[in-house]
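Residue numbers (this note's numbering): 2 to 462.
Idealized CB from N, CA, C, for every residue including glycine.
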């Protein structure tokens, strides 16, 4: 009992401190110490083994994703300082109207993530573009965070069949299903997430305009003095080239592999080997694509020619805090996953009287919430509980889709690594923006998951 209470208390302290604006490193360490003191691991074990170096450890995560954060921040900086991002935003605003800025951001991020671009890359890539759009429409930055979260962290991440997201891949690998498993219920769930998310964002936009709540730039935001009519901006056709380079570099190997199928030969022509290498490197290859996009920007845009290394250096500086803030919260999950309380919870859920599918939804949701990560929670669930639910009669394809959707619900509490990264990149605080992110990434996905779960239970087959 004490172990279970300790888990909840540690999580509550972490969330409370984050919402009050406490440094997230201190908050994560405080939560980890509480969990250790109330469970069967010592504080030295927690802080020197599980928190930094465990499978879900802070430094393990930072080491795995350092190059991606670095490349993403550098690309975002080159697109902002060259004024390429506002140029693209200006073209979109002229074509669709600045009032549709939130729609543009949602659709842009959704297309990128469904195309296989990692969420962190999408945030870095879209932020300078979205910043210019919401400035033109005088929309508060908190809704930029909400729009990016809707497009990148909800329906394309967990619901839509065929998405190459980490969560979808984890489920397919563990259950021996395909990325298109549970297609029908996934489409229904994705449609619910998109519709409710857009409705919420538009309602908040109208309310913000009525109350005078408008755009306020962050201290490091680069805003063209002439707005979207700045004469120094390159033409949008030229401005889009680095972005096309990034997306083509990421997506093209995936398309080629789909065409090759089983004919892809590791000992074959060089381009076979390159395609296989690209598809086997979910972090390194997108990082190379982002660096290639940055080099393209340095070549194309005169504003970067005078001091290119200074621009790259400022981008590198911007990578540090998002990476650190994300990693320290992941480390908290690393401590939790090693405790007696976590093991007790797993056994409790398996022995509950809930229908097996609903029990699985609750299980993966709570695990993801505790570790603050959809992928981390789903990975732990698949390793420890999934096989038991299949033995209880849940069809693997249905389990795949429903628990993948469930993992993307209450994982996004204030201590979630992706939430921390987004807020840091966008220079927002939990107090400013978490309400909107919470509605978009917690409340709405939970509603969608419960709806599809009810449909499966009421209309099996």
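Among the residues of its own chain, which have a CB less than 6 Å from the CB of residue i, if the five just before and after it don't count?
i, result
"residue 26", "329"
"residue 18", "28"
"residue 197", "445"
"residue 135", "102, 145 and 216"
"residue 131", "106 and 145"
So residue i packs on residue j, CB below 8 Å; how close in whole Å?
i, j, result
"residue 149", "residue 114", "Not really, about 10 Å apart at Cβ, beyond 8 Å."
"residue 29", "residue 332", "6 Å"
"residue 370", "residue 319", "Actually they are not in contact, since the Cβ atoms of residue 370 and residue 319 sit about 29 Å apart, beyond 8 Å."
"residue 358", "residue 454", "6 Å"
"residue 417", "residue 364", "Contact doesn't hold; Cβ gap of about 18 Å is too wide."
"residue 338", "residue 372", "6 Å"
"residue 20", "residue 432", "7 Å"
"residue 176", "residue 165", "Rounded, the Cβ-Cβ distance is 16 Å, inconsistent with contact."
"residue 408", "residue 168", "6 Å"
Do residue j and residue i count as a contact pair if the criterion is CB distance below 8 Å?
i, j, result
"residue 419", "residue 400", "no"
"residue 326", "residue 438", "no"
"residue 213", "residue 441", "no"
"residue 32", "residue 57", "no"
"residue 4", "residue 39", "yes"
"residue 415", "residue 16", "yes"
"residue 47", "residue 37", "yes"
"residue 340", "residue 8", "yes"
"residue 397", "residue 174", "no"
"residue 99", "residue 137", "yes"
"residue 324", "residue 54", "no"
"residue 312", "residue 305", "yes"
"residue 1", "residue 154", "Given a span of 2 to 462 for the chain in the structure shown, any question on residue 1 remains unanswerable."
"residue 309", "residue 293", "no"
"residue 410", "residue 450", "yes"
"residue 152", "residue 107", "yes"
"residue 185", "residue 160", "no"
"residue 360", "residue 171", "no"
"residue 22", "residue 344", "no"
"residue 51", "residue 335", "yes"
"residue 81", "residue 223", "yes"
"residue 250", "residue 290", "yes"
"residue 295", "residue 79", "yes"
"residue 129", "residue 231", "no"
"residue 156", "residue 121", "no"
"residue 254", "residue 279", "yes"
Could you name the residues of the same chain whose beta carbon sits closer than 8 Å to that of residue i, not counting the 5 residues immediately before and after it, in chain order?
i, result
"residue 317", "71, 74 and 75"
"residue 434", "142, 143, 146, 147, 424 and 427"
"residue 406", "159, 160, 187, 190, 446, 449, 450 and 453"
"residue 209", "140, 141, 144 and 215"
"residue 35", "7, 10, 11 and 14"
I'd like the list of long-range same chain contacts for residue i, defined as Cβ closer than 7 Å, with 5 residues on each side in sequence excluded.
i, result
"residue 125", "73, 74, 76, 77 and 426"
"residue 297", "242, 243 and 246"
"residue 65", "284"
"residue 382", "364, 365, 368 and 404"
"residue 265", "258, 273, 276 and 277"
"residue 97", "105"
"residue 288", "68, 69 and 72"
"residue 362", "403, 404, 407, 450 and 454"
Counting C-beta neighbours from all protein chains within 10 Å, is the total for residue i 16 or more, i.e. buried, or is it exposed?
i, result
"residue 458", "exposed"
"residue 384", "exposed"
"residue 240", "buried"
"residue 49", "exposed"
"residue 286", "buried"
"residue 281", "exposed"
"residue 460", "exposed"
"residue 43", "exposed"
"residue 206", "buried"
"residue 211", "exposed"
"residue 234", "buried"
"residue 202", "buried"
"residue 342", "buried"
"residue 182", "buried"
"residue 469", "As shown, the chain starts at 2 and ends at 462. That puts residue 469 outside it, with no answer to give."
"residue 91", "buried"
"residue 350", "buried"
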